[in-house]
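Comments concern the structure below.
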Amino acid sequence: MQKGDIASKVMNVIFMIVGTMFIATAITVFFSPNQVVVGGFSGIGIIVKNLTVSYVDGGVPLSVTNLVLNIPLFVIAYFVLGKSYLGKTIFATIFLSAALEMTSFLPVFKGDLALISIYGGIVDGIGLGFVLRAMASTGGVDLLATIIHNKMKHISISSIMFVINSLVIAFGLFVFGAEKAMYAVISIFVSSKCITVVLEGLSFSKMAFIISEQSEKIAREIMKQHNRGVTALNGRGMYTGKNKEVLLCVFKQKEITGIKEIVRNADPNAFIILTDIKEVMGEGFKKLDSVD
């Protein structure tokens, strides 16, 4: 095994450990004590914990519910999906249960449900993002949806997850009321945005398509003033039938004013299309050898 492969495996383990700790913190500090059911097996665990307080001191621990629900899935997944799929998932699931116990002693946050849903969603999203960066999952609904999809391939995994999570949230609505269910939806939205940030990074890059009779001058000034590469594409105006050069340029958001100024000074009648870029790799941006 090469050093790069070893380093990659070590980083994946670190991502899984850090990620599950974040997820556990979100559940034990924000969601569980405030009865915010955000779907998934953690949501089921919160419901079970609160419903069993009268029978078990403190209710059934979240870690126990997580393991009890996941173990049968591991057995089924072994036969349906194969053992190669399960390695990271089993590790992440077991460590999440351990992390739920480790974080159970943290002080809980009780207060404004809006703050709870937002900050809980942020912490949860960061954790899930780290786990996904390690190309793993914490079992639960992800694993259940994959198993179902394997037998019902005409239904997408995301659709199955949506249905299961909706049922869990609906159960939470029935147990804890509509207000907390609505805040749970806010948490899910915030969490999904944070997952995207962790996976794709905070990219503030822009891409411009510039159509102008002064394309040579505009390209020259952009390269000179901003040290950005410019590509000329062959285009044709369908209304006029004339061939035109279309300039393609990618740059950072802070440079947008300067780019606009160059185009305006060179050709006030130029046509510009600006669009956001999720991720840019290569010279002047993120190095290709830093890609995970």
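The sequence shown begins at 372 in our numbering and counts up by one.
Using N, Cα and C, we set each Cβ at its ideal position, and we do this for glycine too.
Rounded to whole angstroms, the Cβ separation of Ile581 and Ile589 is 6 Å, and the two are in contact under 8 Å. The C-beta distance from Asn521 to Val451 rounds to 5 Å, short enough to fall under 8 Å. Taking C-beta atoms under 8 Å as the contact rule, Ala507 and Thr460 qualify, at a distance of about 6 Å. Going by beta carbons, Leu503 and Leu444 fall outside the 9 Å limit. Listed as beta-bridge partners of Leu514 by DSSP are no residues whatsoever. Residue pairing of Gly606 in beta bridges, as defined by DSSP: Lys615.
In this chain, the beta strand (DSSP E) harbouring Met578 covers Ser576 to Ile582. Collapsing the DSSP output to three states places Leu452 in coil.
Excluding sequence positions up to five before and after Ser468, its CB lies within less than 6 Å of the CB of Ser434, Asn437 and Leu438, all in the same chain and listed in chain order.
Ile528 and Ser403 have their C-alpha atoms spaced approximately 27 Å apart. Considering only Lys577, Gly612, Thr391 and Arg599, the residue with the shortest C-alpha distance to Val494 is Thr391. Contact check for Ala448 against Met387 fails: the beta carbons are separated by 9 Å or more. Taking 9 Å as the cut-off, the Cβ atoms of Val512 and Met532 count as close. Contact between Gly492 and Val389 is ruled out by a C-beta separation of about 18 Å, above the 8 Å threshold. About 6 Å separates the beta carbons of Lys577 and Asp647, which is inside the 8 Å limit, making them a contact pair.
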